[in-house]
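Position 63 (the sequence shown) corresponds to 94 in the working numbering; numbering is contiguous.
Idealized CB from N, CA, C, for every residue including glycine.
Computed from a predicted structure; not experimentally measured.
Everything on this sheet refers to the single structure shown next.
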Amino acid sequence: MDSRPARAAFLEQLAVDGVPYMFGNPGTVEQGFLDELRHFPGIEYVLTLQEAVAVGMADGYARATRRPAVVQLHSGVGLGNGIGMLYQAKRGHAPLVVLVGEAGLRYDAMEAQMAADLVAMAEPVTKWATRVVDPDSTLRVLRRAFKVAGTPPYGPVLVVLPADVMDRPTREEAVPVSYPDTASAPDPQSLA
32 MDSRPARAAF LEQLAVDGVP YMFGNPGTVE QGFLDELRHF PGIEYVLTLQ
82 EAVAVGMADG YARATRRPAV VQLHSGVGLG NGIGMLYQAK RGHAPLVVLV
132 GEAGLRYDAM EAQMAADLVA MAEPVTKWAT RVVDPDSTLR VLRRAFKVAG
182 TPPYGPVLVV LPADVMDRPT REEAVPVSYP DTASAPDPQS LA
């Protein structure tokens, strides 16, 4: 596998998993994703004017299709604006994969204006919340996010994507997410 920025690998993973839409309200740290997205015509970015609307649209799409939906928010402010709808998604068991961009790991000790502990903010309203800290674990984290969101009981998960990590190269391969079989009875065709 050739090396490419983690943000490109991330979009490759979404494409391999057949994600048709990404709902969002981006900020400056998501610009790299948006630039890269033009290379993935099968993924349509649905731009919203406010984060709660983005989460609500993804929630509705996930419930209608019964598949995890992807929503992208910007930093602590964007997550804060979407928290109410994330609470509703958790209560309604909507399988969402929430991607939150942030400036980067290098700003952790600076008390920057947009800095926040995004994982701690999201934990009460998600099944699982995590932060990617190494580009070579990016796709494993994303696949786990889809698996956790898309396994009963369904619910939203959050993945924080620091821009400096997403800019670094990775050779990690995009492979389809595997979901556990949660059927309570075997498929009749498999018994024949």
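Burial state of residue i (16 or more Cβ within 10 Å)
| i | result |
| --- | --- |
| residue 198 | exposed |
| residue 205 | buried |
| residue 144 | exposed |
| residue 187 | buried |
| residue 72 | exposed |
| residue 152 | buried |
| residue 87 | buried |
Spatial distance of residue i from residue j (CA atoms)
| i | j | result |
| --- | --- | --- |
| residue 154 | residue 69 | 32 angstroms |
| residue 131 | residue 218 | 38 angstroms |
| residue 212 | residue 124 | 18 angstroms |
| residue 101 | residue 170 | 15 angstroms |
| residue 120 | residue 142 | 30 angstroms |
| residue 35 | residue 210 | 27 angstroms |
| residue 156 | residue 223 | 43 angstroms |
Paired residues, beta bridge with residue i - DSSP
| i | result |
| --- | --- |
| residue 32 | Looking at the DSSP assignment, residue 32 forms no beta bridge with any residue, so it has no partner. |
| residue 41 | Paired residue(s): none; residue 41 is not in a bridge. |
| residue 191 | 131, 162 |
| residue 201 | 35 |
| residue 54 | 77, 102 |
Given residue i as reference, the closest of the options once Cα atoms are compared
| i | options | result |
| --- | --- | --- |
| residue 168 | 149, 138, 196 | 196 |
| residue 181 | 159, 201, 150, 138 | 159 |
| residue 59 | 118, 164, 104, 203 | 104 |
| residue 166 | 214, 174, 137, 201 | 201 |
Anticipated Cβ contact below 8 angstroms, residue i with residue j, distance rounded
| i | j | result |
| --- | --- | --- |
| residue 67 | residue 39 | 5 angstroms |
| residue 128 | residue 190 | 7 angstroms |
| residue 133 | residue 176 | So it is not a contact: roughly 16 angstroms between Cβ atoms. |
| residue 116 | residue 90 | 6 angstroms |
| residue 107 | residue 147 | 3 angstroms |
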